[in-house]
Structure formats: structure tokens, C-alpha cells
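A.B. asks: For reference, the structure I am asking about is given below.
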Amino acid sequence: MAFLEVSNIHKNFGKNEVLKGIDFTLEKGEVLVIIGSSGSGKTTLLRCINFLETPDRGSITVNGEELFKAGEPYSDREKREKRLHFGMVFQQFNLFPQYTVLKNITLAPELRAFKGKKLSRAEKKKISAQIEEKARRLLETVGLSEKAANYPCELSGGQQQRVAIARALALEPDILCFDEPTSALDPELTGEVLRVIRGLKSSDRTMIVVTHEMNFARGVADKVIYMADGVIEEFGTPEEVFGAPKSEKTQAFLKNSKD
Ligand SMILES: Nc1ncnc2c1ncn2[C@@H]1O[C@H](COP(=O)(O)OP(=O)(O)O)[C@@H](O)[C@H]1O
Ligand SMILES: [Mg+2]
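Below, the structure is given as C-alpha cells:
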């Protein structure tokens with residue numbers, strides 16, 4: 001059984017059929033890159049996988065545990081818990097502007113550690129110190145140790161996105177998802193973010209990356225999905241999809257994205 005199994009995901013917005021039966025599997029430590037034109041349903045797919053949207057049909061299984069099955073009622077609390085299997089890095093960073101870089105990373109892990117528990121002040125202090133130590137290690141991983149005390153507005157876009165990556169990692173997700181992580185950045189700032197993602201691949205993270213950066217995609221992917229109009233038009237290794245695409249739609253898309 002694969003680590004992630006996404007089966008027959010359908011999603012409509014009113015009469016607009018946005019996802020028309022998406023199936024794929026991913027093994028632990030693999031990187032899946034999703035490419036496709038704007039409006040093809042990439043963001044909606046990631047949002048379905050992260051429980052930010054509810055699919056109309058289909059199921060999602062991680063590590064043998066069925067997290068989602070269409071039609072089952074899930075409470076908000078259940079959805080929040082299930083969502084913890086996934087980390088999400090958005091195009092627009094979405095850092096909390098009122099908190100320092102360090103606090104942006106420690107906030108969610110602290111909430112999770114304290115929630116529903118009766119802890120003494122000393123116990124809380126000890127847990128906070130551990131969470132902070134880990135956050136500092138993550139900041140080192142993304143090359144921003146010296147920015148811990150700064151506020152997001154004092155950072156470049158590329159630095160903010162690297163903080164967002166550290167924040168997602170702090171919750172120890174099984175699978176880290178990126179939705180066009182460099183699309184909001186000036187071209188000279190994309191490299192530092194892509195480098196961090198490449199580094200995570202070498203540390204064996206399971207990742208799903210939606211991107212328009214074709215060279216990066218080719219280098220980092222174990223598997224590639226080309227999406228068009230809510231279906232998987234082409235699926236394969238980077239050599240297959242980029243080197244010898246079978247579908248005419250894929251060929252046309254790749255030709256255009258070279259310009
Ligand atoms: N919340 C929503 N409500 C209605 N329509 C939506 C919503 N989110 C996305 N869509 C529609 O779904 C389609 C796919 O969008 P999206 O998943 O954002 O594509 P992509 O990320 O590939 O550009 C578009 O036609 C878009 O207008
Ligand atoms: Mg999108």
C-alpha cells in the first residue's frame with residue numbers, strides 16, 4: 001500500500017466541475033510535482049488534500065489510515081486533526097504580521113502541546129523551551145537563524161517564504177504541500193526558496209509541489225502530474241513527462257512554458 005492514496009476525487013463549485021476524478025499514489029520520501037495551466041484545478045486539488053475543501057466524491061488515505069471518505073460527516077475538530085498529516089505552504093506566505101519570525105513558527109506547536117492539558121507553569125516553560133529549540137533548528141535549515149527576532153515586514157519575500165516553510169515543518173507533517181511557492185516572488189528571490197525545497201528532498205521528505213518552474217520541477221520530481229481541465233492528462237517520471245510526453249495537450253503546454 002502506498003504512503004498516500006488519493007482516489008477518485010471529484011469537486012464541483014456549483015455547476016463548475018473542477019476536479020473530475022483524480023487518482024494517484026505517492027510513496028514515502030517521494031516528491032510529486034504537479035504542473036498545468038492556470039484554472040486546471042491544481043490549487044483545488046491541494047486544498048482537497050489539506051481538508052480546506054470537501055471533495056464531493058473520493059477518498060484520501062495516508063499510511064494505511066483512511067483520512068477522508070466522501071459522504072462521511074467530519075466535525076471541524078476532526079478536520080483539524082486530519083489536516084495535521086499535511087503541511088501547506090501557500091503562494092502568499094500568510095505569516096502572522098504581528099508576531100516575530102520565531103513566534104510564527106512556535107505558535108501552532110505550542111497551542112497543540114498545551115491544548116486540553118492541565119500543565120504547571122514549570123511544565124509549560126519546559127515544553128516551550130523544547131519547541132523554541134526546534135524552531136531555531138528549523139530556521140537554521142532554511143538559512144534564517146539570524147532573523148528569529150525580526151517581524152515578517154522586515155524580511156524579503158523569499159525570506160518570508162522560507163519562514164513559512166519552517167513553520168509548516170514545525171508541525172511535523174507526513175506530507176508537505178507547496179502551492180506555487182515562488183509565484184509571488186521577484187525572479188531573483190525564487191532561487192533561495194527552490195534551494196530550500198531541494199534540500200528537503202535530500203532529507204527524504206514526502207512532498208507535493210505545484211509549480212511553474214519547469215527546470216526545478218524536472219530536477220526535484222520523482223513523479224510528475226500534468227493536469228488539464230480537472231483531469232490528470234499525463235503522469236510519469238520527469239524523464240517521461242518532460243522528455244517524451246505522450247499527450248498532445250502536454251506537448252503544447254510544455255512548448256509554451258519554454259518561452
Ligand atoms: N472557492 C471557489 N469557488 C468557486 N469556484 C472556484 C473556487 N476555487 C476555485 N474555483 C474554480 O475552480 C477552477 C480551478 O481553479 P484552481 O484550482 O484555482 O486552478 P489552478 O490552481 O490550477 O489555477 C477555476 O475555474 C476556478 O474559478
Ligand atoms: Mg492555483
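Going by my numbering, the first residue of the sequence shown is number 1, and it counts up by one from there. For glycine and all other residues, C-beta sits at the position ideal for the given N, C-alpha and C. Small disclaimer: the values here were computed from a predicted structure and weren't measured.
(1) Just to confirm, is the Cβ distance from methionine 1 to glycine 64 under 8 Å?
(2) What residues does ligand 1 have around it, judged by CB closer than 6 Å to any heavy atom, in chain order?
(3) Would you call the CB atoms of arginine 218 and glutamate 192 closer than 8 Å?
(4) Looking at isoleucine 175 and leucine 138, is the spacing between their C-beta atoms short of 8 Å?
(5) When the cut-off is 8 Å and only beta carbons count, does threonine 211 lie next to chain B?
(6) Nearest by alpha-carbon distance to glutamate 133: which of Cys153, Gly87, Lys103, Thr211 is it?
(7) Under 8 Å by Cβ, that's how I've got isoleucine 34 and isoleucine 225 pegged, so tell me the actual separation to the nearest angstrom.
(8) Should aspartate 229 be counted as a contact of ligand 2 given a C-beta to heavy atom distance under 7 Å?
(9) Are the stretch 199-213 and the stretch 23-32 touching, with three or more C-beta to C-beta distances below 8 Å?
(10) By the DSSP assignment, the alpha helix (DSSP H) with methionine 214 in it spans what residues?
(11) Using the Cα positions of aspartate 76 and glycine 58, report the straight-line distance between them to the nearest angstrom.
(12) If we ignore side chains and look at the alpha-carbon of each, how far apart do glycine 21 and lysine 79 end up?
(13) Let me know the secondary structure DSSP gives serine 59 once reduced to three states.
(14) Below 7 Å, is the gap between the Cβ of glutamate 213 and the nearest heavy atom of ligand 2?
(15) Which residues in the same chain have their Cβ closer than 7 Å to the Cβ of histidine 10, if we skip the five residues on either side of it in sequence?
(16) Is any heavy atom of ligand 2 found at a distance shorter than 7 Å from the C-beta of glutamate 53?
(17) Taking 6 Å as the limit between beta carbons, can you name the residues of its chain near glutamine 91, skipping five residues before and five after?
C.D. replies: Straight from the coordinates:
(1) yes
(2) Phe13, Asn16, Val18, Gly36, Ser38, Gly39, Ser40, Gly41, Lys42, Thr43, Thr44
(3) no
(4) no
(5) Protein chain content of the structure displayed is limited to a single chain, and chain B is not contained in it.
(6) For the residues Cys153, Gly87, Lys103, Thr211, the minimum Cα distance to glutamate 133 belongs to Lys103.
(7) 5 Å
(8) Aspartate 229 has its CB no nearer than 7 Å to any heavy atom of ligand 2.
(9) Three or more beta-carbon pairs separated by less than 8 Å link the stretch 199-213 to the stretch 23-32, which places the two stretches in contact.
(10) 214-220
(11) Rounded to the nearest angstrom, the two C-alpha atoms are 19 Å apart.
(12) 22 Å
(13) Of the three classes helix, strand and coil, the one that applies to serine 59 here is strand, per DSSP.
(14) For glutamate 213, the Cβ stays outside the 7 Å cut-off from all heavy atoms of ligand 2.
(15) Within the same chain, histidine 10 has close Cβ partners Leu19, Lys20, Gly21, Pro55, Asp56, Arg57, Gly58.
(16) no
(17) Spatial neighbours of glutamine 91 in its own chain (CB-CB distance under 6 Å, excluding positions within 5 residues in sequence) are listed in chain order as Asp179, Glu180, Ser183, Ala184.
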